[in-house]
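A.B. asks: Starting off with a structure, shown below.
Residue numbers (this note's numbering), protein chains in the order written: chain P, 182 to 723; chain U, 65 to 379.
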């Protein structure tokens, strides 16, 4: 269209006029065509939407353009037009406004009660709340309608665009859509509004109601209804408490199982019941399989004692010198300087021995993580089954709050460093497995094929090709393990793992923020120094 | 019904006299059962007959944080339900005597002793028994030649006291303290008792652990003049203190923020007049631990049944 107009421009003024006319005609025809399509889509109020959509198409729509029908009709308008997104936007705003009105009702009733009870402070509080929620109700309602009015044509136009491509997209006006809208509204609105007008019964109130029902007392419909709808999800099962056992030892070392007499009268809910059953199982395992846990504890302690003998036992000038040499040799002068300053910090603030104790636990945890995590990671990397089994377990290990397994660890492994190491291992092992698996998976197929073509057996393939190529990823895993072990230092101190973590716990317990901060910084500095050394060494090697 | 309510309200509003402010009272949620049940009783009194508002703040279990909250007086923490003295000397010195921002009621007495499970009682019944190397060896779990005992959490003053006692009884070479929080220790004790393993630990009365497990206390030397000389604030507290006799009864207070005198005067007055006794607390604890009752139920039914005592606190 542009090119002929351009050539005619040079042909003279008459031609220019005709071309302009023709262009106008042409565009007028195109507009009419578009308007017809718009009209087919909207079915009702054709003129308005045709004009508006044309403006949107030509990017001429004014910034403050509003659809007044949508602003007035709100979600009902959106339902009629079959635009469910706008329906939800409008409905949510109106619901929030309505709930605020409900609150106004509730707090004015509370205020009336307070006046009866002659409680000045409550009267003032409820007056304020009534006023605030009234403002909120009006404000949110108006804001919601303005927003839906503003959004309406813009989003409705998108629906039109989608309809042009796929004619099954909602178009036109269809009152039967109100049935769906009405269904949604009846599902959501009544209970929500009821909740906003009522002081919901507390958990305990409902437990009392449940007990009264069990005892066969008369309970009003309102209490029953409130407790089953607008409070906590009602308790469906009331169970008899599980029997409690003790396991006293005989003189010859065998154990009896003795039923403990229970004085409990009331039934309990599923949560309490299952918690007590789990407690019982833990007791049982401890009584009859305690030797297994004792064995593990002993083994961990031996490992840790050896490492501690090395780190804490070596005089500080010797170990500091060795650390410095290691840092310089593997990671260069910059990191060596940083390591030196870290060690000066530890020395100046008197943290050397405590820090070495923490480092011993970290090293012990890291050794276990690598011993277990590396083979596991190879399995996950090479086998789909392994990945399917291990990945969810790793997710749980990484996300479960550490306090959850801290206390069972104490019950089985007693207080002290061994359960501290175990808790640390649970927390720190996932990255080792994940990064090893990643490294193995990233070995190029062609490289593996080449190795196989040269007659490598599976073992050679693993040890000579895959593991060496995965080393950077594995080292990153080791680095992660060390970092996460250090971050567990404080939590492990809660179960008697000692070290710098204990200084932090102890200081905070006595409100000595400064002391806790200094020890915390010491942990951070150690972590950073080790991180730098491993990273630089890893980089230098590659 | 609402209309009636409004009319009545309007009528009363016309004749109302100014009532003092009554802020919601935040009660601590300390971990031991005694403290918990006292909290529930106070809450039942405040919410019930007093007609004011109180809330036990879930997870407000750190004594130092509670004390700081009471000191600030901003309503984050108002009541410390079970302040053991001299175990919480730091809090006492800082806030009750120092800043005078925390007030206390009339205390009730408690005892503090070393305990073993009763299945160990035929072997260990007094501190003299602890001096036997073969006994200490039974309690040695980490194989370093010293038996372990739980002396308490590291931030309790009683923890230092037990360390002084073990030193003064000459048990240093045979025993070493384990300093872990109470929850951690209780988790271990559960395992120990299930496995009938030897375990030696500090505990006190009134407390729920006695309702849960069969425990025996260790007898100590009788009190004589000068047998207790504690300087726990010194740098060299372990060397400069001696303590080789049984402990005096502890005194246990309900502590509350002085700011309550302005923010909720009736509650402040009630708290200053509360008087508890160990037998009542023991009875509460037994109902909770033995009969599996909810602490809130125990508190509410006690308040209902003992309205005369509660009224005495409120006057």
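From the three backbone atoms N, C-alpha and C, an ideal C-beta is built for every residue, glycine too.
Which one of P/335, P/283, P/377 has the shortest CA to CA distance from residue 251 of chain P?
C.D. replies: That would be P/335, whose Cα lies nearest to the Cα of residue 251 of chain P.
A.B. asks: At 4 residues or longer, what runs of the alpha helix (DSSP H) sit wholly inside the stretch 524-596 of chain P?
C.D. replies: Taking only runs of at least 4 residues, the alpha helix (DSSP H) segments lying wholly in the stretch 524-596 of chain P are 533-563, 565-580, 583-594.
A.B. asks: On the criterion of 16 or more Cβ atoms from any shown chain inside 10 Å, does residue 467 of chain P qualify as buried, or is it exposed?
C.D. replies: Buried, because 16 or more other Cβ atoms sit within 10 Å of the Cβ of residue 467 of chain P.
A.B. asks: Taking only the alpha-carbon atoms, compute the straight-line gap between residue 183 of chain P and residue 203 of chain P and give it to the nearest angstrom.
C.D. replies: Bear in mind that a pLDDT of 47 at residue 183 of chain P, under 50, signals an unreliable position, so the number given afterwards is only what the model happens to contain. Roughly 12 angstroms between the two C-alpha positions.
A.B. asks: Could you tell me the distance, in whole angstroms, from the CA atom of residue 156 of chain P to the CA atom of residue 278 of chain P?
C.D. replies: Here chain P covers residues 182 to 723 and nothing more, so residue 156 of chain P does not appear.
A.B. asks: Take residue 722 of chain P and list the residues in its own chain whose beta-carbon comes closer than 6 angstroms to its own, dropping the five residues that flank it on each side.
C.D. replies: Once the five neighbours on either side are set aside, residue 722 of chain P has no close Cβ partner at all.
A.B. asks: Taking Cβ-Cβ distances shorter than 9 angstroms, what residues in chain P pair up with residue 248 of chain U?
C.D. replies: 587, 588, 591, 596, 675, 676, 677, listed in chain order.
A.B. asks: Could you spell out where the beta strand (DSSP E) holding residue 133 of chain U opens and where it closes?
C.D. replies: Unbroken run through residue 133 of chain U is the alpha helix (DSSP H), 127-136; no beta strand (DSSP E).
A.B. asks: Measure the C-alpha to C-alpha separation of residue 189 of chain P and residue 258 of chain P and round it to an integer number of angstroms.
C.D. replies: For residue 189 of chain P, the predicted structure reports a pLDDT of 47, less than 50, and the residue's modelled location is therefore unreliable. A value from the coordinates is still provided. Taking the straight line from one Cα to the other gives about 50 angstroms.
A.B. asks: So, for residue 585 of chain P: in the same chain, excluding its five sequence neighbours on each side, which residues have a beta-carbon less than 7 angstroms away from its beta-carbon?
C.D. replies: Nothing listed; no residue qualifies.
A.B. asks: Identify whether residue 430 of chain P lies in helix, strand or coil by the three-state DSSP scheme.
C.D. replies: Reduced to three states, the DSSP call for residue 430 of chain P is strand.
A.B. asks: If you draw a straight line from the C-alpha of residue 347 of chain P to the C-alpha of residue 232 of chain P, how long is it?
C.D. replies: Taking the straight line joining both Cα atoms gives about 23 angstroms.
A.B. asks: Buried or exposed: which applies to residue 510 of chain P, given that a residue is buried once 16 or more other Cβ atoms fall within 10 Å of its Cβ?
C.D. replies: Exposed is the call here.
A.B. asks: Who are the near neighbours of residue 545 of chain P in its chain, counting only those whose CB is closer than 6 angstroms to its CB and skipping five residues on each side?
C.D. replies: Here the set comprises 484, 485, 488, 602.
A.B. asks: Express the C-alpha separation of residue 596 of chain P and residue 190 of chain U in angstroms, rounding to a whole number.
C.D. replies: Approximately 24 angstroms between the Cα atoms of the pair.
A.B. asks: Which residues in chain P sit within 8 angstroms of residue 101 of chain U, going by Cβ to Cβ distance?
C.D. replies: Those do not exist, as residue 101 of chain U stays about 15 angstroms from chain P at its closest Cβ, beyond 8 angstroms.
A.B. asks: Can you list, in chain order, the residues of its chain whose CB lies under 7 angstroms from that of residue 233 of chain U, leaving out five sequence neighbours each side?
C.D. replies: Within the same chain, residue 233 of chain U has close Cβ partners 191, 308.
A.B. asks: Measuring only between beta-carbons, confirm whether residue 151 of chain U sits less than 8 angstroms from chain P.
C.D. replies: No, because no Cβ of chain P sits closer than 8 angstroms to the Cβ of residue 151 of chain U.
A.B. asks: Apart from the five residues just before and just after residue 645 of chain P, which ones in its own chain have a Cβ nearer than 8 angstroms to its Cβ?
C.D. replies: Only 632, 637 meet the Cβ criterion.
A.B. asks: To which residues of the same chain is residue 295 of chain U closer than 7 angstroms at the C-beta, ignoring the five residues directly before and after it?
C.D. replies: If we look at residue 295 of chain U and ignore the five residues flanking it on each side, its Cβ neighbours are 301, 304, 305.
A.B. asks: Tell me which residues of the stretch 258-269 of chain U have at least one Cβ-Cβ distance to chain P shorter than 7 angstroms, keeping chain order.
C.D. replies: Hits within the stretch, in order: 258, 259, 260.
A.B. asks: Would you say residue 167 of chain U and residue 319 of chain U are within 8 angstroms of each other, going by their C-beta atoms?
C.D. replies: Contact: yes.
A.B. asks: Taking only beta carbons into account, state which residues of the stretch 400-425 of chain P come closer than 9 angstroms to chain U, listed in chain order.
C.D. replies: Residues passing the 9 angstroms Cβ filter: 422.
A.B. asks: In the DSSP assignment, the beta strand (DSSP E) including residue 441 of chain P goes from what residue to what residue?
C.D. replies: Residues 439-441.
A.B. asks: Smallest Cα separation from residue 459 of chain P: which of P/698, P/424, P/448, P/491?
C.D. replies: The shortest C-alpha separation from residue 459 of chain P is found at P/424.
A.B. asks: Could you check how far apart the C-beta atoms of residue 364 of chain U and residue 108 of chain U are, in whole angstroms? I think they sit under 8 angstroms.
C.D. replies: Contact holds; Cβ gap of about 5 angstroms.
A.B. asks: Taking its Cβ as the centre, do 16 or more other Cβ atoms sit within 10 Å of residue 259 of chain U, making it buried, or is it exposed?
C.D. replies: With 16 or more Cβ atoms within 10 Å of its Cβ, residue 259 of chain U is classed as buried.
A.B. asks: With distances taken Cα to Cα, identify the nearest neighbour of residue 229 of chain U among U/90, U/293, U/193, U/378.
C.D. replies: Ranking the options by Cα distance to residue 229 of chain U, first place goes to U/293.
A.B. asks: Mind reading off the beta-carbon distance from residue 271 of chain U to residue 148 of chain U? Whole number of angstroms is fine, and I expect it under 8 angstroms.
C.D. replies: No, residue 271 of chain U and residue 148 of chain U are not in contact; Cβ-Cβ is about 11 angstroms, not under 8 angstroms.
A.B. asks: Assuming residue 408 of chain P contacts residue 382 of chain P under a Cβ cut-off of 8 angstroms, what Cβ separation, rounded to an integer in Å, is found between them?
C.D. replies: Right, the Cβ-Cβ distance comes to about 6 angstroms (below 8 angstroms), so this counts as a contact.
A.B. asks: Buried or exposed: where does residue 225 of chain U fall if 16 or more other Cβ atoms within 10 Å of its Cβ makes it buried?
C.D. replies: Answer is buried; the Cβ neighbour count reaches 16.
A.B. asks: Could you tell me whether the stretch 610-621 of chain P touches the stretch 684-703 of chain P, using the rule of 3 or more Cβ pairs below 8 angstroms?
C.D. replies: As far as the Cβ criterion goes, the stretch 610-621 of chain P does not touch the stretch 684-703 of chain P, which means the pair count is below three.
A.B. asks: Which partner residues of residue 436 of chain P appear in the DSSP bridge assignment?
C.D. replies: Residue 436 of chain P pairs with P/430.
A.B. asks: How would you call residue 133 of chain U, buried or exposed, if buried means at least 16 neighbouring beta carbons within 10 angstroms?
C.D. replies: So residue 133 of chain U counts as buried.
A.B. asks: Excluding the five sequence neighbours on either side, which residues of its own chain have a C-beta within less than 7 angstroms of the C-beta of residue 526 of chain P, listed in chain order?
C.D. replies: These residues qualify, in order along the chain: 703, 706.
A.B. asks: Report buried or exposed for residue 414 of chain P, applying the criterion of at least 16 other Cβ atoms within 10 angstroms of its Cβ.
C.D. replies: Label assigned to residue 414 of chain P: exposed.
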